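Before any comments, here is the structure.
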Amino acid sequence: MHLSTHNWMRAEPLETTLKRIKKFGYESIEISGEPEQYKTKETRALLKEHGIRCWGAVTLMLGERNLAAKNQGQRERSVQYVK
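Heads up: the sequence shown is residues 212 to 294, going by this note's numbering.
Here is the structure:
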């Protein structure tokens, strides 16, 4: 059985989360979809170091993020966020 979890509910460094989930037998993680929060190379290195795979990203559609917004600019920014 494949076990995966996410990190969007805990306000802690990614490395702290990876250490804990590895200890409890998780194989992968869905990383919070806040691109400005992570540096790609560092994140990949941490995942490799702890033997955890990135299973996806949790895309949170909050605040200005709205794929169904009437405002075209807001909608386009939301699409870019999801990509």
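Cβ atoms here follow ideal geometry from the backbone N, Cα and C, with glycine treated the same way.
Just so you know, these numbers come straight off a predicted model, no measurement behind them.
- [ ] Grab the span of the beta strand (DSSP E) containing residue 267 for me, first residue to last.
- [x] Run containing residue 267: 264-269, per the beta strand (DSSP E) assignment.
Open item on the list: Going by DSSP in three states, residue 275 sits in which element: helix, strand or coil?
Closed with: Note: residue 275 maps to coil in three-state DSSP.
- [ ] Determine, using beta-carbon pairs with one atom in the segment 222-241 and one in the segment 279-286, whether at least three such pairs fall under 8 angstroms.
- [x] Segments in contact, no.
TODO: Spell out the partners DSSP gives residue 217 in its beta bridges.
DONE: DSSP, once it has assigned bridges, lists 241 as partnering residue 217.
Task: Beta-carbon proximity of residue 289 to residue 263, cut-off 8 angstroms - done: Cβ atoms of residue 289 and residue 263: not closer than 8 angstroms.
- [ ] Report the residue from 213, 214, 219 and 212 whose alpha carbon sits nearest the alpha carbon of residue 272.
- [x] Closest by alpha carbon: 219.
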